[in-house]
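J.:
There are 2 protein chains.
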Amino acid sequence: MKIPKFATMNFSSKLVENAVNQLSSLPGIGKKSALRLVLHMIKQEKQNINQFGNSFIDLINNINYCSECFSISDNQKCEICSDQKRDKSTICVVEDIRVMMAVESTMQFKGVYHVLGGLISPMDGIGPSDIKVEELIQKVQKSEVKEIIFALSTTMEGDTTNFYLFRRLKDLNITISSIARGISIGDELEYADEITLGTAISSRLPYENSLSK
Amino acid sequence: MKIPKFATMNFSSKLVENAVNQLSSLPGIGKKSALRLVLHMIKQEKQNINQFGNSFIDLINNINYCSECFSISDNQKCEICSDQKRDKSTICVVEDIRVMMAVESTMQFKGVYHVLGGLISPMDGIGPSDIKVEELIQKVQKSEVKEIIFALSTTMEGDTTNFYLFRRLKDLNITISSIARGISIGDELEYADEITLGTAISSRLPYENSLSK
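Line by line, the protein sequences give chains A and B. Here the first sequence is numbered in the numbering used here, starting from 1 and rising by one per residue. Here the second sequence is numbered in the numbering used here, starting from 1001 and rising by one per residue.
Here it is as structure tokens:
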């Protein structure tokens, strides 16, 4: 019995093969899904697919970062940093604009952001100099910053980055805080993992302060 | 308590928003995944993303179909149709090049293909004139075709298309067959659905012929 080798796909067209290889180079998209997507594309209007391709070319060639918070912005200064109503003395440190958008959507934060553009990860060869750490330190030294809030993922990389930033910032006479870790709103306690539950108990706070806003 | 509205994402950049909208227009990719992919892209080399975008533009502007079997091919005639060793009198009818590639990878078929480019689906407004049906009939009438093998999905659309093609082809003095439906190799019988198992029993064949090749 011959074993089919689907892993090495034999494409009848180099153009299709190239498009499939490009799509499947993205994380989480395999060759079979990529081929399905490409066959979907060729059934679309030519104009739509030209726009599709050009959107990525436009993005990579014209991308611009806010000069203050390093979020992606079409202008020299992003909307939040140019907003006079935002409190410039409180800086929320985030990994990327996805977290920034998530915090913004809570409507609980009136300060400004600092986008690191990654997390320290020795395993992936990403050190403090590869992300916007020095820029944060300089910002704190130069301007009137009162509080830095770490809003980083509770992963090894997030904790490492938190710790490194804390060591660099602790002598600069500012308040350093981190977003609360505990039980998610709506979660049932019996399914919480022991580390989260333990953290939630040791970080307990007065009942009146614990209500969701 | 305010409910976060993440569904309407507020992008800080039109370029990012555009790229995210384009990616999430593909089936199976949501806005959040699209944003994750776009943030992955902007960390890549500019040249790679230019190539990424151009691969789809190249594809849609230069795509070509084999003049005989209608598979996607960079040449006027695809590799299989121009291969003298392939048996031109046996035609395997498939929905798209994905099925063609799957059949090719079995190395069990030495004939040629006919790619319909879709299945008849009244629900989606796809009729016989939207797929390559007439071209198949003409091919059978004009050239020395001995056998047509239907290799279509066992869905309502596949069965409808099978039935329509059968009606159009049955008076043309050729053998019309369909790939066997039955229990997958490696499957345990107690988990097979009753329709498949019923079909497998009624389509039983001499033991010597039932062995996998």
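Beta carbons: idealized from backbone N, C-alpha and C, even for Gly.
#1: Tell me, please, whether the CB atom of Gln1084(B) is closer than 8 Å to any CB atom in chain A?
#2: Quick one: complete alpha helix (DSSP H) runs, 4+ long, within the stretch 1005-1089 of chain B?
#3: Alpha carbon to alpha carbon, what distance is there between Leu59(A) and Lys1043(B)?
#4: By DSSP, does Phe1109(B) sit in helix, in strand, or in coil?
#5: Return the CA-CA distance between Val1094(B) and Leu1039(B), expressed in angstroms with no decimal places.
#6: Give me, in chain order, the residues of the same chain whose beta-carbon lies closer than 6 Å to that of Phe1006(B); leave out the 5 immediate sequence neighbours on both sides.
#7: DSSP three-state call for Ser177(A): helix, strand or coil?
#8: Between Ala192(A) and Ser1055(B), is the Cβ-Cβ spacing less than 8 Å?
#9: Output yes or no for whether 8 Å exceeds the beta carbon distance between Ile91(A) and Tyr113(A).
#10: Nearest by alpha-carbon distance to Met1101(B): which of Met9(A), Thr199(A), Ile201(A), Ser105(A) is it?
#11: Give me the Cα-Cα distance between Ser202(A) and Ser121(A), rounded to the nearest whole angstrom.
#12: So is Lys1002(B) in contact with chain A if we call contact Cβ pairs under 8 Å?
#13: When the cut-off is 8 Å and only beta carbons count, does Cys1078(B) lie next to chain A?
#14: Taking the alpha-carbon positions, what's the Val1211(B) to Leu1172(B) distance?
#15: Taking DSSP as the reference, what is the three-state secondary structure of Ile3(A)?
#16: What does the alpha-carbon distance come out to for the pair Val145(A) and Ser178(A)?
#17: Determine whether the beta carbon atoms of Ile63(A) and Leu1015(B) lie at a separation below 8 Å.
#18: Among Glu1190(B), Lys1142(B), Ala1200(B), Leu1169(B), which one has its Cα closest to the Cα of Phe1150(B)?
#19: Just how far apart, CA to CA, sit Gly198(A) and Ser184(A)?
#20: Am I right that Phe1070(B) and Glu1157(B) are in contact with their C-beta atoms under 8 Å? What's the rounded C-beta distance?
#21: Report the partner residues of Arg121(A) according to the DSSP bridge assignment.
#22: Look up Phe150(A) in the DSSP assignment and give the residues it is bridged to.
#23: When you compare only the Cα positions, how much space is there between Asp1124(B) and Val1133(B)?
#24: Check Val1115(B) in the structure and name its three-state DSSP category.
#25: Between Ile80(A) and Leu152(A), what straight-line distance do the alpha-carbon atoms span, to the nearest angstrom?
#26: Mind checking Phe166(A): buried by the 16 CB within 10 Å criterion, or exposed?
#27: On a Cα-Cα basis, can you pick out the residue from Lys1077(B), Phe1163(B), Lys1110(B), Lys1032(B) that is closest to Ser13(A)?
#28: Using a beta-carbon distance cut-off of less than 9 Å, what residues from the stretch 1048-1066 of chain B approach chain A?
#29: Around the C-beta of Gly1030(B), are 16 or more other C-beta atoms found within 10 angstroms, so that it is buried, or is it exposed?
#30: Hey, could you find the ends of the alpha helix (DSSP H) Ile1224(B) is sitting in?
#31: Within 8 Å (strictly less), CB to CB, does Lys14(A) reach chain D?
#32: Are Glu1147(B) and Thr1106(B) closer than 8 Å when you measure CB to CB?
#33: Applying the criterion that 16 or more other CB atoms from any shown protein chain within 10 Å of the CB defines a buried residue, is Arg1204(B) buried or exposed?
#34: Going along the chain, which residues of its own chain have a beta-carbon closer than 6 Å to the beta-carbon of Phe11(A), five neighbours each way excluded?
#35: Please list the partners that Asn18(A) has in chain B, where partner means a Cβ-to-Cβ separation under 8 Å.
#36: Could you run through the stretch 89-114 of chain A and flag, in chain order, every residue whose CB is less than 9 Å away from some CB of chain B?
T.: Taking the definition as stated:
#1: no
#2: 1014-1024, 1031-1041, 1046-1062
#3: 12 Å
#4: coil
#5: 38 Å
#6: Reliability of the predicted coordinates at Phe1006(B) is poor, the pLDDT of 46 falling under 50, and the value obtained from them is presented with this limitation in mind. Excluding sequence neighbours, Phe1006(B) sits near nothing in its chain.
#7: strand
#8: no
#9: yes
#10: Met9(A)
#11: 28 Å
#12: Summary for Lys1002(B): the model assigns pLDDT 48, below 50, so the residue's position carries little reliability, and this model does not support an answer.
#13: Taking Cβ atoms only, chain A reaches closer than 8 Å to Cys1078(B), which makes this a yes.
#14: In the sequence under discussion, the amino acid at residue 1211(B) is Leu, which differs from the Val named in the question. Distance between the alpha carbons of Leu1211(B) and Leu1172(B) is about 32 Å.
#15: In this prediction, Ile3(A) scores a pLDDT of 46, lower than 50, which makes its location untrustworthy; the coordinate-derived value is nonetheless stated afterwards. Residue state, collapsed to three classes: coil.
#16: 16 Å
#17: Contact flag set, yes.
#18: Leu1169(B)
#19: If you take the alpha carbons of Gly198(A) and Ser184(A), they lie about 14 Å apart.
#20: At roughly 18 Å, the Cβ-Cβ gap does not stay under 8 Å, so Phe1070(B) and Glu1157(B) are not in contact.
#21: The question names Arg, but residue 121(A) is Ser in the sequence shown. Its beta-bridge partners are Ile126(A).
#22: Val93(A), Ser178(A)
#23: 17 Å
#24: When DSSP states are grouped into helix, strand and coil, Val1115(B) belongs to the strand group.
#25: 19 Å
#26: So Phe166(A) ends up on the exposed side.
#27: Lys1077(B)
#28: Asn1048, Ile1049, Asn1050, Gln1051, Phe1052, Gly1053, Asn1054, Ser1055, Phe1056, Ile1057, Asp1058, Leu1059, Ile1060, Asn1061, Asn1062, Ile1063, Asn1064, Cys1066
#29: exposed
#30: It is not possible to answer for residue 1224(B), since the shown part of chain B is limited to 1001 through 1213.
#31: Reference to chain D is not applicable here, since the protein chains of this structure are A and B.
#32: Their beta carbons are not under 8 Å apart, which means Glu1147(B) does not touch Thr1106(B) by this criterion.
#33: Arg1204(B) comes out exposed.
#34: Glu17
#35: Ser1055, Asp1058, Leu1059
#36: Asp96, Ile97, Arg98, Met100, Met101, Ala102, Glu104, Ser105, Thr106, Met107, Gln108
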